[in-house]
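In the numbering used here, the protein residues as written are 98 to 476.
Every residue, glycine too, gets a C-beta built ideally from N, C-alpha and C.
These numbers come from a predicted model, not from an experiment.
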Amino acid sequence: MRNLALSYWEHQSFFGPADVAIIGAGLVGLTAALYLKQRRPAWRVVVLERGPLPSGASTKNAGFACFGSISELIEQEKRGDLQAVVAARYTGLARLRELLSDAALGYQPVGGYELFRHEEGALATECRDKIDYFNALLAPVVGQARTFRDASDEAGRFGLRGVGTLLKNECEGSLDAGRMMRALLARTWAADVPVLTNCAVEAVETSADGQLVKLANGAAVAAGQVLLATNAFATELAPSLAVTPGRGQVLVTEPLPDVALPGTFHYDHGYAYFRQLPDHRILLGGGRNLDFAVEATTAPGITQPVQQYLENLLHDVILPGQRPRIDYRWSGVMGFGPALAPIIDWVRPGVLAAVRCNGMGVALGAGTGWQAAQKLVAG
Ligand SMILES: Cc1cc2nc3c(=O)[nH]c(=O)nc-3n(C[C@H](O)[C@H](O)[C@H](O)COP(=O)(O)OP(=O)(O)OC[C@H]3O[C@@H](n4cnc5c(N)ncnc54)[C@H](O)[C@@H]3O)c2cc1C
């Protein structure tokens, strides 16, 4: 691909000078492009994406439209202003739903459950005891008095084995990550923003004339400003950014028409999660905490220990006694860091980063894209 000989037309309509070049066509990059065009319709904006499709977390996630189970919130509260963090997630979801519509997202207000096995009784009690506290903390954010409630009496109807406690989040939902990204891509192109795939960026060079974005295929795009929306890969282009990759593995079973698991389900402090898809398959992911060091990688791949852990969870708890065929297995990479909030900040004049939406980027992504657009408009 090096020394790509671009035609006059390709230069004019695709790789020509841009006011803003966005690197990364995930949820953050595409929403930033759309919000930018809302504010500055005349600006030329281009999105450069390394993969043949957007190839980051946005197309690999579990589609939980969530903002934290109680055990996660307890842990996260130790790291800072929890109400602000949850507000960013909740308003981010609202922004995404407003931008694309629930129909386009396949959004379902199914409610979310956190489950505790009998042997996790102490943690279950700690979380149950916090229901009133978190309901009061979140009331101004979600606009209703009761977000969480004890739903342990529902455990029986789901057929889960060995589960003693279920706590329900009434405000949680699920969506179709594939439809979300298709809708975003269609909207971005319709807003006259080309999304150029197979365009890996190798370097961004800053000069008095602006930014020069150099691609691995030999092409280059001159831009007034650049947005790095490269999430877990952020340090490849901006080594100073405090972003650490964390790989997540997922599997999906064959369709199971007799299983009824309406809702999104969280287990083990959010490190494991499952839900039933509209075609009656079970999606199950997590297990990164089995070996944080091995999973701190941007390399795609699945590992035997994590897949075995997920399958055991499936056979022992979710579908007791059943061994369904596994039809899909994949991985995706999240961006983590010392703080829970994303980085939306200048790397240097003219180069903004909007990265590190951690494991809740479906919730945080559109708000992060929106904030990035405001900063680019302000220059
Ligand atoms: C397995 C898994 C499950 C998850 N489940 C959920 C969930 O249920 N709910 C939730 O809220 N969040 C979930 N997340 C997190 C969420 O998906 C992410 O936080 C969110 O998608 C991040 O969006 P983004 O646009 O910042 O990054 P990404 O979607 O990762 O986009 C970054 C893009 O940059 C591109 N790129 C990188 N480097 C370059 C380069 N040099 N040149 C050109 N392009 C480049 C990549 O190819 C990629 O497309 C999950 C993540 C994973 C991995």
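1. Helix, strand or coil: which one does DSSP assign to residue 187?
2. Terminal residues of the continuous alpha helix (DSSP H) containing residue 284?
3. So what does DSSP say about residue 250, is it helix, strand or coil?
4. Hey, could you find the ends of the beta strand (DSSP E) residue 472 is sitting in?
5. With a threshold of 6 Å (Cβ to nearest heavy atom), would residue 152 be considered close to ligand 1?
6. Please classify residue 98 as buried or exposed, where buried requires at least 16 neighbouring CB atoms within 10 angstroms.
7. Using a threshold of 7 Å, state whether the C-beta atoms of residue 155 and residue 124 are closer than that.
8. Enumerate in chain order the residues of its own chain whose CB-to-CB distance from residue 507 is below 6 Å, with the five nearest sequence positions on each side excluded.
9. Drop a sphere of 10 angstroms on the beta-carbon of residue 101, count the other beta-carbons inside from all chains shown, and report buried for 16 or more, exposed for fewer.
10. Taking the beta strand (DSSP E) that residue 266 falls in, what are its first and last residues?
11. Going by alpha carbons, who is nearest to residue 347 out of 150, 435, 368 and 476?
12. Quick check on the DSSP output: the beta strand (DSSP E) that includes residue 342 runs from which residue to which?
13. Using the beta-carbon count (16 or more within 10 Å), is residue 363 buried or exposed?
14. Is any heavy atom of ligand 2 found at a distance shorter than 6 Å from the C-beta of residue 330?
15. Along the alpha helix (DSSP H) that carries residue 126, what are the first and last residues, could you check?
16. Taking the C-alpha atoms as reference points, what is the distance between residue 322 and residue 234?
17. Could you say which of 397, 242, 464 and 304 lies nearest to residue 445 if we only look at CA atoms?
Answer, in terms of the structure:
1. helix
2. 274-287
3. helix
4. Looking at the DSSP string, residue 472 is not in any beta strand (DSSP E); the run it does join, the alpha helix (DSSP H), is 458-475.
5. yes
6. Confidence in residue 98 is poor, its pLDDT being 46 and thus under 50, which makes the residue's placement unreliable; the coordinate value appears in the next sentence. With fewer than 16 Cβ atoms within 10 Å of its Cβ, residue 98 is classed as exposed.
7. yes
8. For the chain, the structure presents residues 98 to 476; residue 507 sits outside this window and is missing.
9. exposed
10. 260-266
11. 368
12. 341-350
13. buried
14. The model depicted lacks ligand 2 and carries ligand 1 instead.
15. 124-136
16. 39 Å
17. 304
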